[in-house]
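To keep things clear, I will list the structure first and then write my remarks on it.
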Amino acid sequence: MASATQQTIETDKLSVIIDTKSGEKRVNQYLMRQCIGKGSYGKVKLAIDNTGKQFAIKIMNKAVLKRKRILGKNSVTDLLTGLRKEIAVMKSVNHLNVVKLYEVIDDPEEDKLYLVMEYLSNGPIIDLHTENCAPLDEDVCRQYLRQVLAGLEYLHNLRIAHRDIKPDNLLLSDTGVVKIADFGVSLQFHGSDDFIRSTAGSLAFMAPEMCAPLSEPYSARVTDVWSAGVSLYAMIFGKVPFQAKTTSELHDLICNAAIIWPHPISASLELTLSSMLEKDPLKRITLSQLKIDPWLLGSTQCFNEIGDTPSVVVVPSVIDSQVESIAAIPHVPGPVLRSSETDVIQPIQSGIFDLSMPKPASDAAASTSDSVIDQKSGGSTGLSCEDMTVMPASPASDRLALSERLKQTVERARRLFVRYLSGSETTNNRE
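Read left to right, the sequence shown gives residues 2 to 432 (the numbering used here).
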């Protein structure tokens, strides 16, 4: 018997048929193929259904999972309970940049549990496990990060913190769409408070507040931004920013060591990375602020949230004129926008620039710090395109001034963006 819950089918009957001649194994309607992944407690196999569509099926032994204990600060649970929580999270999500869970096959009379998931043929966005891992092109990194942040924003709006963002869990479809995978240590909150004390995830991608010796509560959502920053660093340089032989040494580096740039990068990219890898979680850039980050806005293409096929439309350039307000910028409705120039501020209705995504009512208070306009600012009249122009790398004496200018620009743009969303910003006539 099967029933649909959200986007996931739940099946409580298992049928396994093995062809004696070919040796092929069929699990319900799925023809099992080769193993494409293996972990401590299960494996992943490629499978094909009756229509020829490919899936990745995760197979686990329930008895083994039930025997394995997870020690928490105040409780002890087993891996099977943790897996069921992971399934509950995956059943509740449906987004272009999150891996889909199509079906759960869980027969109470059988020991095997099957998760039928979206198959992503291209694997991780970058393989850090290979020797001399080659960095990715900066424009590719920008496109990938925008999609990761789109998925994260969606999850955070559903009160879900992933807690294990890393390249291994950022998979690429054959059409170039990045998907967030593996919700094994994710947490779903029932209120606006996402502060926790427990640690989980991959050591090299943990935020400083997770590695600190004092067990102070920290925001799980904010740590996702750090992990995304480490992932961006890995894409740009082909390695993680901090490496050590022992866990204690690694924790010390994450908490105290300065970020090193193995090779020169643009000032705008350096600012983006530094903002995401800010050790103080209270000063770390937020997803809302990243929406108007100059380096991220330099992208010329973003993906259509309706389908997997990248497509673009042209928006008239505003480079040669003064921008009086964000509301005055030419805007083409639709899920995908592209500018004819790169240094342009534009409201975009897809990916991390989704202007229409509703936030839970109970989250209003929690998001105040991201949305309240600084009343002491006097109300900036707008930004010019000159303000947003990304300057080339300058001598060391000028880099501090450039960095400060970009920070001020980001803050001004954030305030204008909030005014635009709230409808309080009106279009001004150009002189």
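Note that CB positions come from ideal geometry on N, CA and C, so glycine has one too. Quick caveat, the model's predicted, so the values are computed rather than measured.
Per DSSP, which residues does residue i bridge with? Please list them.
{"i": "Met-277", "result": "Answer is none; Met-277 lacks a bridge partner."}
{"i": "Asn-62", "result": "Lys-113"}
{"i": "Phe-56", "result": "Ala-48, Glu-119"}
{"i": "Cys-36", "result": "Lys-46"}
{"i": "Ile-181", "result": "Val-99, Leu-171"}
Checking contacts by CB at 8 Å: is residue i closer than that to chain B?
{"i": "Leu-173", "result": "Chain labels in this structure do not include chain B; a single protein chain is all it has."}
Inspect the beta-carbon positions of residue i and residue j and report whether they are closer than 8 Å.
{"i": "Gln-1", "j": "Asn-51", "result": "Beyond the ends of the chain as shown, which are 2 and 432, falls residue 1; an answer cannot be given."}
{"i": "Ala-268", "j": "Val-231", "result": "no"}
{"i": "Asn-62", "j": "Asp-112", "result": "yes"}
{"i": "Leu-121", "j": "Leu-153", "result": "no"}
{"i": "Lys-14", "j": "Asp-108", "result": "yes"}
{"i": "Arg-198", "j": "Pro-218", "result": "yes"}
{"i": "Ile-127", "j": "Met-236", "result": "yes"}
{"i": "Arg-164", "j": "Gly-299", "result": "no"}
{"i": "Pro-282", "j": "Val-241", "result": "no"}
{"i": "Leu-274", "j": "Leu-146", "result": "no"}
{"i": "Gly-239", "j": "Cys-134", "result": "yes"}
Which class does residue i belong to by DSSP, given the choice of helix, strand or coil?
{"i": "Lys-14", "result": "coil"}
{"i": "Ile-88", "result": "helix"}
{"i": "Val-435", "result": "Outside the shown range of the chain (2 to 432) lies residue 435, about which nothing can therefore be said."}
{"i": "His-191", "result": "coil"}
{"i": "Ile-255", "result": "helix"}
{"i": "Ser-199", "result": "coil"}
{"i": "Ser-220", "result": "strand"}
{"i": "Lys-69", "result": "coil"}
{"i": "Thr-9", "result": "strand"}
{"i": "Asp-225", "result": "helix"}
{"i": "Gly-43", "result": "strand"}
{"i": "Gln-244", "result": "coil"}
{"i": "Val-231", "result": "helix"}
{"i": "Lys-408", "result": "helix"}
{"i": "Ile-237", "result": "helix"}
{"i": "Thr-82", "result": "helix"}
{"i": "Leu-173", "result": "strand"}
{"i": "Thr-21", "result": "coil"}
{"i": "Ala-414", "result": "helix"}
{"i": "Ala-208", "result": "coil"}
{"i": "Trp-262", "result": "coil"}
{"i": "Pro-214", "result": "coil"}
{"i": "Pro-295", "result": "helix"}
{"i": "Ser-267", "result": "coil"}
Work out the CA separation of residue j and residue i for me, nearest whole Å.
{"i": "Thr-200", "j": "Gly-185", "result": "13 Å"}
{"i": "Tyr-155", "j": "Lys-180", "result": "12 Å"}
{"i": "Ser-123", "j": "Asp-140", "result": "Correcting the residue identity first, residue 123 is Asn in this sequence and not Ser. Asn-123 and Asp-140: Cα-Cα distance of roughly 19 Å."}
{"i": "Phe-243", "j": "Arg-85", "result": "33 Å"}
{"i": "Gly-40", "j": "Glu-412", "result": "44 Å"}
{"i": "Val-65", "j": "Leu-81", "result": "8 Å"}
{"i": "Trp-296", "j": "Ser-276", "result": "12 Å"}
{"i": "Leu-407", "j": "Thr-12", "result": "53 Å"}
Check whether the Cβ of residue i sits closer than 7 Å to any heavy atom of the ligand HEM, and report yes or no.
{"i": "Gly-43", "result": "No copy of the ligand HEM occurs in the structure displayed, which carries no ligand at all."}
Jot down the residue ranges of each uninterrupted beta strand (DSSP E) in the stretch 96-171, minimum 3 residues, whole runs only, in chain order. Those beta strand (DSSP E) runs which fall completely within the stretch 96-171 and span 3+ residues are 102-107, 113-119.
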